[in-house]
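Student: One structure, as structure tokens, below. Some questions next.
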Amino acid sequence: MDSPKQNPMPADIKASRIEQFINNSRRDTTMDGVTVETIVFEDAERFLRIHFAAIIKAKPEWNYILDELVSQSIFTDEQVAHVRSSDVVQEQIRETLRMIMKQGNESCRTLLQLMNRHHPSLMRALAVPANVGPFHRH
Numbered sequence: 001m002d003s004p005k006q007n008p009m010p011a012d013i014k015a016s017r018i019e020q021f022i023n024n025s026r027r028d029t030t031m032d033g034v035t036v037e038t039i040v041f042e043d044a045e046r047f048l049r050i051h052f053a054a055i056i057k058a059k060p061e062w063n064y065i066l067d068e069l070v071s072q073s074i075f076t077d078e079q080v081a082h083v084r085s086s087d088v089v090q091e092q093i094r095e096t097l098r099m100i101m102k103q104g105n106e107s108c109r110t111l112l113q114l115m116n117r118h119h120p121s122l123m124r125a126l127a128v129p130a131n132v133g134p135f136h137r138h
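Going by UniProt numbering, the sequence shown opens with residue 1, and the numbers climb by one from there.
Structure (structure tokens):
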């Protein structure tokens with residue numbers, strides 16, 4: 001007699017969904033004969049909400065991100081000045097995330113693509129099940 005199939009733990013489900021989200025978002029494109037992985041986030045705002053605290057805690061270098069948000073017309077110079085008015089990088093990241101999420105999924109998607117370009121190891125770490133957090137139930 002076969003043993004009954006075990007139900008996955010909530011952490012397993014959450015990790016699986018995050019991995020699936022990242023994997024389904026990857027697209028390889030060829031530019032000038034070079035294959036480049038591009039991440040196309042379908043629900044970028046949700047991804048930012050899920051990883052809000054982890055992104056802030058990681059304290060990635062943020063100045064390049066802010067500069068590119070201006071160059072891509074996602075933020076104005078005034079918005080970036082507001083973000084940079086804090087000397088604490090975690091506050092700059094927190095405020096950027098809040099402002100981006102208010103702008104909608106397209107702006108969130110742009111931010112995630114910039115983060116993937118400038119901080120690929122952080123983006124990979126967000127998809128690793130061990131980094132999901134303490135969601136286990138005992």
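Backbone N, C-alpha and C define an ideal beta-carbon position, used for all residues, glycine too.
As the structure is a prediction and not an experimental result, all values here were calculated from the model.
When DSSP labels each residue in this structure, what does S86 get in the three-state scheme?
Tutor: Reading the sequence shown from its first residue, position 86 is the one you call residue 86. Of the three classes helix, strand and coil, the one that applies to S86 here is coil, per DSSP.
Student: So which of L66, H51, L114 has the shortest CA-CA distance to A125?
Tutor: Walking along the sequence shown from the start, residue 125 turns up at place 125. Selected option, being the one with the closest Cα: H51.
Student: Can you give me the Cβ contacts of V89 inside the same chain, cut-off strictly under 8 Å, excluding the 5 residues immediately before and after it?
Tutor: Start at 1 with the first residue of the sequence shown, and residue 89 comes out as number 89. If we look at V89 and ignore the five residues flanking it on each side, its Cβ neighbours are K59, W62.
Student: Whole angstroms is fine: what's the gap from I74's alpha carbon to S107's?
Tutor: Along the sequence shown, read from residue 1 onward, the residue named residue 74 stands at position 74. Along the sequence shown, read from residue 1 onward, the residue named residue 107 stands at position 107. In a straight line, the C-alpha of I74 is about 6 Å away from that of S107.
Student: For A54, name the three-state secondary structure that DSSP assigns.
Tutor: Looking up residue 54 in the sequence shown gives position 54. Looking at A54 - three-state DSSP - the assignment turns out to be helix.
Student: Just the Cα atoms here: how many angstroms apart are D43 and G104?
Tutor: Taking the first residue of the sequence shown as 1, we reach residue 43 at position 43. Taking the first residue of the sequence shown as 1, we reach residue 104 at position 104. In a straight line, the C-alpha of D43 is about 10 Å away from that of G104.
Student: Does the pairing of the stretch 113 to 122 with the stretch 63 to 70 give three or more beta-carbon distances under 8 Å?
Tutor: With a cut-off of 8 Å, the stretch 63 to 70 and the stretch 113 to 122 count as touching, because enough Cβ pairs lie within range.
Student: What's the gap between the Cα of R46 and the Cα of A54?
Tutor: Counting from 1 along the sequence shown, the entry for residue 46 is found at position 46. Counting from 1 along the sequence shown, the entry for residue 54 is found at position 54. In a straight line, the C-alpha of R46 is about 14 Å away from that of A54.
Student: If you reduce the DSSP assignment to three classes, tell me which class K102 lands in.
Tutor: Within the sequence shown, residue 102 is the residue found at index 102, counting from 1. It is helical.
Student: For T110, count the other beta carbons within 10 Å of its own beta carbon; 16 or more makes it buried, fewer makes it exposed. Which is it?
Tutor: Against the sequence shown, residue 110 aligns to sequence position 110. Per the 10 Å Cβ criterion, buried.
Student: Rounded to whole angstroms, what's the CA-CA distance from E37 to P120? Just pull it up for me.
Tutor: Start at 1 with the first residue of the sequence shown, and residue 37 comes out as number 37. Start at 1 with the first residue of the sequence shown, and residue 120 comes out as number 120. Low local confidence applies: a pLDDT of 45 at E37 is under 50, so the model's placement there is unreliable, with the coordinate-based value given in what follows. Whole-angstrom Cα-Cα distance: 11 Å.
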